[in-house]
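Engineer:
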Amino acid sequence: AYIRSHRDTADAEWSEWAMFYTSLNPPPDSYPVGAAIAWPSDATPAGYALMQGQSFDKSAYPLLAIAYPSGVIPDMRGWTIKGKPASGRAVLSQEMDGNKRHSHTARAQDTDLGTKNTSSFDYGTKSTNTTGGHTHQFGGYINSYWGDSNHTSFQPGGGAWTQAAGDHAHTVYIGGHEHTMYIGPHGHVVIVDADGNAETTVKNIAFNYIVRLA
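Structure follows, in structure tokens:
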């Protein structure tokens, strides 16, 4: 049946004809029972339920039981919907987040430091310590150069010490000097630190998923 209406005024115009639905002529299903519907509110409309992993009465909602024979509505919180691939996946199967397998290359730039000189320092002129003084003991009869009239004699078993002598030192020139060291090219191990979010995401807007109960 079809109906139309107009206001109770002389200049009112009739509305377009519209289908009149009754219990004997119910409206067609505009959305299949079991399909996840993105809903922009936390308030659930009558005849629908949030998809939060809850169980439902299959006898009370036989059409919903056809879509979900387990009697459990999928928990869609934090999940998106992906078209089922041609192979390797079953309907309602879950796939965890992840990145496509890939690799990175990293290296530190080589730098040839060449040949370098150390700093120069002049140590100047240094002296060693003074040492080497000593004496000699001798005994017996000694003739002088001028004969017996000028000589020194000792009793048997006697002796004397010569005058101490022999102390001397050395002067050593050290001077300035330096060393040459070859450093040459070298490389470094590079560590790439982890970065990113707790999970792989795309730009998104949060909706609730609801499902029609029937």
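In this text, residue positions in the sequence shown follow full-length UniProt numbering: the first is 1, and each later residue adds one. We put the CB at the ideal spot given by N, CA and C, even for glycine. The structure displayed is predicted, hence computed values, not measured ones.
Terminal residues of the continuous alpha helix (DSSP H) containing P67?
Structural biologist: Sequence inspection shows Ala at residue 67; the Pro mentioned does not correspond to that position. Looking at the DSSP string, the run of the alpha helix (DSSP H) that includes A67 is P62 to A67.
Engineer: Cα separation between S144 and T130?
Structural biologist: Caution is warranted here: a pLDDT of 49 is assigned to S144, below 50, making its placement in the model unreliable, and the coordinate value is therefore given only provisionally. Looking at the two C-alpha atoms, the distance is approximately 33 Å.
Engineer: Quick one: what's got a C-beta closer than 7 Å to K116's C-beta in the same chain, skipping five residues either side?
Structural biologist: Around K116: M181 and I183.
Engineer: For N208, which three-state DSSP category applies?
Structural biologist: Residue state, collapsed to three classes: strand.
Engineer: What residue from A18, S41 and P185 has the CA that sits closest to A108's CA?
Structural biologist: Taking only the C-alpha atoms, the option nearest A108 is P185.
Engineer: Kindly indicate which residue of A1, P74 and A18 has the alpha-carbon position closest to the one of L24.
Structural biologist: When only C-alpha atoms are compared, the closest one is A1.
Engineer: Does the beta-carbon of G71, which I'm using as the reference point, lie nearer than 7 Å to any heavy atom of the ligand FMN?
Structural biologist: What this structure holds is no ligand at all, so the ligand FMN is not there to describe.
Engineer: Can you name the start and end residues of the beta strand (DSSP E) that S127 belongs to?
Structural biologist: Its beta strand (DSSP E) spans residues T125 to S127.
Engineer: Determine contact between the region 31-46 and the region 186-203, defined as no fewer than three beta-carbon pairs at a distance below 8 Å.
Structural biologist: No contact exists between the region 31-46 and the region 186-203.
Engineer: Looking at C-alpha atoms only, which residue of S15, T80 and T111 is the closest neighbour of K203?
Structural biologist: Comparing Cα-Cα distances from K203 to each of S15, T80 and T111, the minimum goes to T80.
Engineer: Relative to the C-alpha of residue 215, which candidate in T9, F207 and R4 has its C-alpha closest?
Structural biologist: Nothing about residue 215 can be read from this structure; the chain reaches only from 1 to 214.
Engineer: Once you ignore the five residues that flank W61 on each side, which residues in its own chain have a CB closer than 7 Å to its CB?
Structural biologist: The identity of residue 61 in the sequence shown is Tyr, whereas the question assumes Trp. Answer for Y61: L213 and A214, listed in chain order.
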